[in-house]
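Please read the structure below before turning to the comments.
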Amino acid sequence: MKSQLEKKFNRPINKLFFIGIGGSSMSGLASMALSQGFTIEGSDMVTSSYVEKLESMGVKVHIGHNYENIPTDTDCVVYSAAIHEDNPDMIKATDLNIPKIERSNFLGLFSNIFDKTIAVSGTHGKTTTSSMIACLLHYADLKPSLSIGGKLDEFGGNALIDSKDYFVVEACEYVDSFLTTSHSIGVITNIEEDHLDYFKDGLPQIKESFHKFGKILPADGLMIAYGDSPDVLDVVKKLACPVVTYGLSAENDWHPENIQYDTVGKPTFDVYKGNAFYGHYELNIPGQHNVLNSLAAIICGDFLGIPVETSIPAMARFHGAKRRFEFRGEVNGINVYEDYAHHPTELKVVIDAALNYEHNKLWVVFQPHTYSRTYFFFDDFVDAFAKADFVILNDIYSDREGNDWNIYSEDLQKAIEEKYHIPTVTISVFSDIIDYLTSHLTKNDLVLVAGSQTINHVAFDLIDKLKEIHNS
Numbered sequence: 001m002k003s004q005l006e007k008k009f010n011r012p013i014n015k016l017f018f019i020g021i022g023g024s025s026m027s028g029l030a031s032m033a034l035s036q037g038f039t040i041e042g043s044d045m046v047t048s049s050y051v052e053k054l055e056s057m058g059v060k061v062h063i064g065h066n067y068e069n070i071p072t073d074t075d076c077v078v079y080s081a082a083i084h085e086d087n088p089d090m091i092k093a094t095d096l097n098i099p100k101i102e103r104s105n106f107l108g109l110f111s112n113i114f115d116k117t118i119a120v121s122g123t124h125g126k127t128t129t130s131s132m133i134a135c136l137l138h139y140a141d142l143k144p145s146l147s148i149g150g151k152l153d154e155f156g157g158n159a160l161i162d163s164k165d166y167f168v169v170e171a172c173e174y175v176d177s178f179l180t181t182s183h184s185i186g187v188i189t190n191i192e193e194d195h196l197d198y199f200k201d202g203l204p205q206i207k208e209s210f211h212k213f214g215k216i217l218p219a220d221g222l223m224i225a226y227g228d229s230p231d232v233l234d235v236v237k238k239l240a241c242p243v244v245t246y247g248l249s250a251e252n253d254w255h256p257e258n259i260q261y262d263t264v265g266k267p268t269f270d271v272y273k274g275n276a277f278y279g280h281y282e283l284n285i286p287g288q289h290n291v292l293n294s295l296a297a298i299i300c301g302d303f304l305g306i307p308v309e310t311s312i313p314a315m316a317r318f319h320g321a322k323r324r325f326e327f328r329g330e331v332n333g334i335n336v337y338e339d340y341a342h343h344p345t346e347l348k349v350v351i352d353a354a355l356n357y358e359h360n361k362l363w364v365v366f367q368p369h370t371y372s373r374t375y376f377f378f379d380d381f382v383d384a385f386a387k388a389d390f391v392i393l394n395d396i397y398s399d400r401e402g403n404d405w406n407i408y409s410e411d412l413q414k415a416i417e418e419k420y421h422i423p424t425v426t427i428s429v430f431s432d433i434i435d436y437l438t439s440h441l442t443k444n445d446l447v448l449v450a451g452s453q454t455i456n457h458v459a460f461d462l463i464d465k466l467k468e469i470h471n472s
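When the letters of the sequence shown are read in order and numbered with full-length UniProt numbering, they come out as residues 1 to 472.
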């Protein structure tokens with residue numbers, strides 16, 4: 001990696017500074033760079049578990065962006081797409097004439113050092129599918145390296161450099177960042193409208209980007225595509241490599257049959273490769289969407305020569321990535337889960353999954369992410385809550401744009417109440433959300449805390465508060 005950076009900037013590179021180091025991807029890349037011998041420093045607005053882990057590894061992290069953060073001996077600055085040129089750290093880097101590289105391009109350089117990069121893309125399901133593939137390779141003793149969005153117990157985090165044979169990456173379409181990796185295996189889990197602050201022309205522009213993602217694949221590579229989606233099938237036409245489709249329909253190259261669910265929605269199913277029975281699988285994570293995610297992983301494993309006798313127990317051992325319908329605790333019959341869902345489709349899917357669990361009332365606590373997403377998918381967000389019994393909305397979190405759409409969580413609240421007559425409140429302060437919940441929850445209620453940003457703190461703190469109340 002060192003030679004890659006030095007070749008790009010034509011200068012020695014030893015010390016890196018990460019602006020926005022606390023994000024899931026950025027923190028992972030920082031730890032990977034540290035393992036490659038770089039000296040690492042960074043900054044972020046708030047501390048987090050990712051920041052704390054980096055600090056435990058000896059990385060200095062500045063909390064808050066400040067002109068004085070970046071040392072003069074910094075050789076290169078890595079920044080995330082959420083960081084703008086008026087950021088004080090960016091201004092300092094410019095003043096010092098320090099080379100700068102955006103996160104996705106840094107990841108792209110990393111991908112060049114591996115024999116095979118497996119890039120998992122799609123509007124939804126990227127983290128779980130890439131996690132499944134990484135774990136499958138791990139249990140097949142193929143020692144994968146990875147950079148994904150969710151923490152995995154098998155790897156002690158979300159990023160790791162092991163062997164140089166396989167590199168599993170979560171490939172995000174935002175600002176076309178998934179066009180930087182040199183991948184030889186690609187996955188497209190689905191395509192929907194999202195990130196319309198960037199994809200201003202909507203679905204046609206999004207599909208064009210996904211097609212470019214596919215065109216990166218070499219002739220001896222493989223595209224694994226969700227075949228139940230006409231949009232996905234459109235974008236994988238005329239690629240240089242073979243395309244293998246999967247989905248619920250038997251018209252796909254791979255499909256499941258005889259799907260059955262236990263009392264908490266965990267599936268068992270038969271997998272068919274063409275018309276031939278391939279194997280019987282069971283998952284320890286709930287939902288039909290995870291049947292589809294696992295199919296993509298199984299196909300990838302088959303292409304890499306992993307026998308079905310290995311993939312069956314590997315899929316059964318997979319317990320999910322962190323913050324993907326993750327159980328946070330139970331007190332007095334009240335169960336608390338959290339999920340990363342931030343798109344209305346994801347929110348609807350995770351609410352459906354929660355309904356499979358025995359419960360009295362379903363409470364959904366949601367923190368919308370970005371004003372643009374809330375505005376463009378307003379009606380879809382309203383409909384996503386249709387099966388909830390109670391809804392608590394937090395203020396819209398937006399770290400990369402202003403409120404040019406004049407949209408607020410209170411607008412969602414009003415629309416949910418008017419259309420579905422679901423009791424809904426908007427509460428800005430996390431501690432007030434917890435106080436509201438503890439004064440209203442009853443035995444056997446289920447609480448789902450959803451959102452991609454800081455709202456997950458509510459799940460942890462709610463469990464602590466409930467224990468304090470019921471164990472006192």
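Here a beta-carbon is modelled for each residue, glycine too, at the ideal position from N, C-alpha and C.
Which residue or residues does DSSP assign as beta-bridge partners of residue i?
{"i": "residue 327", "result": "337"}
{"i": "residue 450", "result": "339 and 366"}
{"i": "residue 397", "result": "369"}
{"i": "residue 34", "result": "Beta-bridge pairing links residue 34 to no other residue."}
{"i": "residue 17", "result": "41 and 77"}
{"i": "residue 273", "result": "254 and 276"}
{"i": "residue 225", "result": "188 and 245"}
{"i": "residue 390", "result": "363"}
{"i": "residue 267", "result": "261"}
{"i": "residue 281", "result": "269"}
Should residue i and residue j be called a contact, given that it needs their Cβ atoms to be closer than 8 angstroms?
{"i": "residue 172", "j": "residue 154", "result": "no"}
{"i": "residue 30", "j": "residue 174", "result": "no"}
{"i": "residue 427", "j": "residue 394", "result": "yes"}
{"i": "residue 83", "j": "residue 20", "result": "yes"}
{"i": "residue 118", "j": "residue 70", "result": "no"}
{"i": "residue 476", "j": "residue 164", "result": "It is not possible to answer for residue 476, since the shown part of the chain is limited to 1 through 472."}
{"i": "residue 294", "j": "residue 304", "result": "no"}
{"i": "residue 189", "j": "residue 129", "result": "yes"}
{"i": "residue 133", "j": "residue 168", "result": "yes"}
{"i": "residue 166", "j": "residue 142", "result": "yes"}
{"i": "residue 481", "j": "residue 43", "result": "Since the displayed the chain opens at 1 and closes at 472, residue 481 lies outside it and no answer follows."}
{"i": "residue 248", "j": "residue 213", "result": "no"}
{"i": "residue 299", "j": "residue 224", "result": "yes"}
{"i": "residue 4", "j": "residue 105", "result": "no"}
{"i": "residue 121", "j": "residue 187", "result": "yes"}
{"i": "residue 28", "j": "residue 108", "result": "no"}
Got a sec? Which residues, its chain only, sit under 6 angstroms from residue i by beta carbon, not counting five neighbours each side?
{"i": "residue 77", "result": "17, 93, 98 and 100"}
{"i": "residue 475", "result": "Past the boundaries of the shown model lies residue 475; the chain is included only from 1 to 472, so the question cannot be answered."}
{"i": "residue 499", "result": "Given a span of 1 to 472 for the chain in the structure shown, any question on residue 499 remains unanswerable."}
{"i": "residue 161", "result": "32, 35 and 145"}
{"i": "residue 268", "result": "260 and 282"}
{"i": "residue 516", "result": "A question about residue 516 goes unanswered here, because the residues of the chain that appear run from 1 up to 472."}
{"i": "residue 481", "result": "This structure does not reach residue 481, given that the chain is present from 1 up to 472, and the question cannot be answered."}
{"i": "residue 361", "result": "389 and 445"}
Please classify residue i as buried or exposed, where buried requires at least 16 neighbouring CB atoms within 10 angstroms.
{"i": "residue 431", "result": "exposed"}
{"i": "residue 67", "result": "exposed"}
{"i": "residue 260", "result": "exposed"}
{"i": "residue 96", "result": "exposed"}
{"i": "residue 57", "result": "exposed"}
{"i": "residue 103", "result": "buried"}
{"i": "residue 315", "result": "buried"}
{"i": "residue 373", "result": "buried"}
{"i": "residue 257", "result": "exposed"}
{"i": "residue 63", "result": "exposed"}
{"i": "residue 320", "result": "buried"}
{"i": "residue 250", "result": "exposed"}
{"i": "residue 127", "result": "buried"}
{"i": "residue 370", "result": "buried"}
Residues in the same chain with beta-carbon distance under 8 angstroms from residue i, minus the five sequence neighbours each way, listed in chain order, please.
{"i": "residue 265", "result": "286, 287, 353, 356 and 357"}
{"i": "residue 337", "result": "325, 326, 327, 328, 354, 446, 447, 448, 449 and 459"}
{"i": "residue 332", "result": "443, 466 and 470"}
{"i": "residue 461", "result": "430, 431 and 434"}
{"i": "residue 205", "result": "199"}
Would you say residue i reaches chain C, if we count a Cβ-Cβ gap shorter than 8 angstroms as a contact?
{"i": "residue 466", "result": "Here chain C cannot be found, since the structure has a single protein chain."}
For residue i, which residues in the same chain have their Cβ closer than 7 angstroms to its Cβ, ignoring the five residues on either side in sequence?
{"i": "residue 14", "result": "38, 39 and 75"}
{"i": "residue 176", "result": "209"}
{"i": "residue 88", "result": "65, 66 and 67"}
{"i": "residue 229", "result": "190 and 191"}
{"i": "residue 296", "result": "129, 187, 189, 224 and 246"}
{"i": "residue 403", "result": "371"}
* Taking the runs of the alpha helix (DSSP H) that are 4 residues or longer, which of them lie wholly in the stretch 229–263? -> The alpha helix (DSSP H) runs of length 4 or more contained entirely in the stretch 229–263 are, from start to end of the chain, 230–235.
### Query
Counting only runs that start and end within the stretch 97–128, where is the alpha helix (DSSP H) found for 4 or more residues in a row?
103–111
In chain order, what are the residue ranges of uninterrupted alpha helix (DSSP H) at least 4 long that sit wholly in the stretch 48–98?
49–56 and 88–95
*Could I get the ranges of all uninterrupted beta strand (DSSP E) runs contained in the stretch 133–202, with 3 residues as the minimum, in chain order?*
145–152, 157–160, 166–170 and 185–188
Mind pulling the alpha helix (DSSP H) runs of 4 or more residues that sit fully within the stretch 283–308?
288–303
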